[in-house]
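S.K.: Taken in order, these protein sequences are the chains called A and B.
For what it's worth, our numbering labels the leading residue of the first sequence as 1, then goes sequentially.
For what it's worth, our numbering labels the leading residue of the second sequence as 1, then goes sequentially.
Shown below is the structure under consideration.
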Amino acid sequence: GAVVSQHPSWVICKSGTSVKIECRSLDFQATTMFWYRQFPKQSLMLMATSNEGSKATYEQGVEKDKFLINHASLTLSTLTVTSAHPEDSSFYICSARGTVDYEQYFGPGTRLTVT
Amino acid sequence: GQNIDQPTEMTATEGAIVQINCTYQTSGFNGLFWYQQHAGEAPTFLSYNVLDGLEEKCRFSSFLSRSKGYSYLLLKELQMKDSASYLCAVISNDYKLSFGAGTTVTVRA
Chain A
1 GAVVSQHPSW
11 VICKSGTSVK
21 IECRSLDFQA
31 TTMFWYRQFP
41 KQSLMLMATS
51 NEGSKATYEQ
61 GVEKDKFLIN
71 HASLTLSTLT
81 VTSAHPEDSS
91 FYICSARGTV
101 DYEQYFGPGT
111 RLTVT
Chain B
1 GQNIDQPTEM
11 TATEGAIVQI
21 NCTYQTSGFN
31 GLFWYQQHAG
41 EAPTFLSYNV
51 LDGLEEKCRF
61 SSFLSRSKGY
71 SYLLLKELQM
81 KDSASYLCAV
91 ISNDYKLSFG
101 AGTTVTVRA
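Here it is as structure tokens:
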């Protein structure tokens with residue numbers, strides 16, 4: 001149980017375009033989903049927290065107009081990187097938290113490359 | 001804010017034991033996680049400690065001392081597949097995880 005999927009697993013896009021990444025909890029309802037970014041050889045940095053039906057809470061330094069988060073249902077959250085630039089190239093990972101405990105279940109990650 | 005420190009790299013031989021230390025200073029504490037992450041993959045859960053003491057699971061054990069802001073992950077009977085990055089993460093009152101920079105463990109034959 002507690003499986004989280006992400007789609008796509010990797011994407012290459014041109015500078016200036018927008019990319020949408022989906023995060024789904026497959027066998028549980030996720031009251032809260034988290035989006036992280038990880039640059040090579042660095043740790044995960046929390047970008048934002050999203051709760052179903054409400055606006056996402058962004059961490060300091062993360063532009064909410066650039067990284068649009070929509071948590072439309074208890075099983076789906078999306079992250080849209082708008083007007084992507086090469087410096088946005090990174091590994092984006094989502095996690096989902098159920099209602100029972102503190103554990104977060106991580107998706108497999110999405111490798112974004114902006115050319 | 002959160003401050004989580006762990007060593008950058010460790011090397012050990014197959015069959016040996018390695019201990020990865022993690023110290024933390026956080027505002028709000030609801031437990032400490034250890035994750036394993038292979039290159040290009042998402043983290044996988046190893047352990048969760050919220051009370052002081054040692055939690056043992058097969059070849060992996062994790063220890064927590066809340067008064068000292070200290071934890072360690074003990075890897076026993078190392079195997080080549082244990083070569084990975086090990087992340088220490090603290091969860092705060094608002095369920096946010098703060099990660100350390102990770103410790104890259106290299107297992108040599």
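Ideal Cβ positions, reconstructed from N, Cα and C, are used throughout, including at glycine.
(1) In three-state terms, what does DSSP make of A:Glu87?
(2) Mind listing, in chain order, the continuous beta strand (DSSP E) runs of no fewer than 3 residues lying wholly within the region 14 to 99 of chain A?
(3) Checking the sheet assignment: what are the DSSP bridge partners for B:Arg66?
(4) Taking the CB atoms as reference points, tell me whether A:Leu74 and A:Ala2 lie closer together than 9 Å.
(5) Mind checking which residues open and close the beta strand (DSSP E) that includes B:Lys57?
(6) Spell out the partners DSSP gives B:Ala89 in its beta bridges.
(7) Could you work out which residues of chain B lie near A:Ser89, taking near to mean beta carbons separated by less than 7 Å?
(8) For A:Tyr58, decide whether its Cβ has a neighbour in chain B, counting only Cβ atoms nearer than 9 Å.
(9) What does A:Thr75 touch in chain E if you count any residue whose Cβ is under 8 Å from its own?
(10) Pick from B:Phe33, B:Gly53, B:Ser67 and B:Glu41: whose alpha carbon is nearest that of B:Lys96?
(11) If we call anything under 9 Å between Cβ atoms a contact, is B:Ser71 one with B:Thr26?
(12) Can you have a look at B:His38 and say buried or exposed, based on whether 16 or more other CB atoms are within 10 angstroms of its CB?
(13) I'd like to check one pair, B:Pro43 with A:Leu46: are the Cβ atoms closer than 9 Å?
(14) Mind listing the chain B neighbours of A:Pro108? Cutoff is C-beta to C-beta under 8 Å, in chain order.
(15) Per DSSP, B:Asp82 forms a beta bridge with which residues?
(16) List the residues of chain A whose Cβ lies closer than 7 Å to the Cβ of B:Tyr72, in chain order.
(17) Taking A:Phe91 and A:Val4 to be in contact with their CB atoms under 8 Å, please state how far apart those CB atoms are, rounded to whole angstroms.
(18) Note down the Cα distance separating B:Arg108 from B:Ser83, rounded to an integer number of angstroms.
(19) Kindly indicate the opening and closing residues of the beta strand (DSSP E) around B:Ala109.
M.R.: Looking at the coordinates:
(1) helix
(2) 19 to 25, 32 to 38, 45 to 51, 67 to 73, 76 to 81 and 90 to 97
(3) For B:Arg66, DSSP records no beta bridge to any residue.
(4) No. Outside cutoff.
(5) Gly53 to Lys57
(6) Beta-bridge pairing links B:Ala89 to B:Phe33 and B:Phe99.
(7) In chain order: nothing, as chain B lies at least about 14 Å away.
(8) Output row for A:Tyr58: interface = no.
(9) The question asks about chain E, but that chain is absent: this structure's protein chains are A and B.
(10) B:Phe33
(11) no
(12) exposed
(13) Not in contact: A:Leu46 and B:Pro43 (Cβ atoms no closer than 9 Å).
(14) At a beta-carbon threshold of 8 Å, the residues of chain B lying near A:Pro108 are Glu41 and Ala42, ordered along the chain.
(15) DSSP lists no partner for B:Asp82.
(16) Going along chain A, no residue has its Cβ under 7 Å from B:Tyr72, so there is no contact; the nearest lies around 18 Å.
(17) Contact flag wrong, Cβ pair sits at about 15 Å.
(18) Their Cα atoms are separated by approximately 9 Å.
(19) Neither: B:Ala109 is in no beta strand (DSSP E) and is coded neither H nor E.
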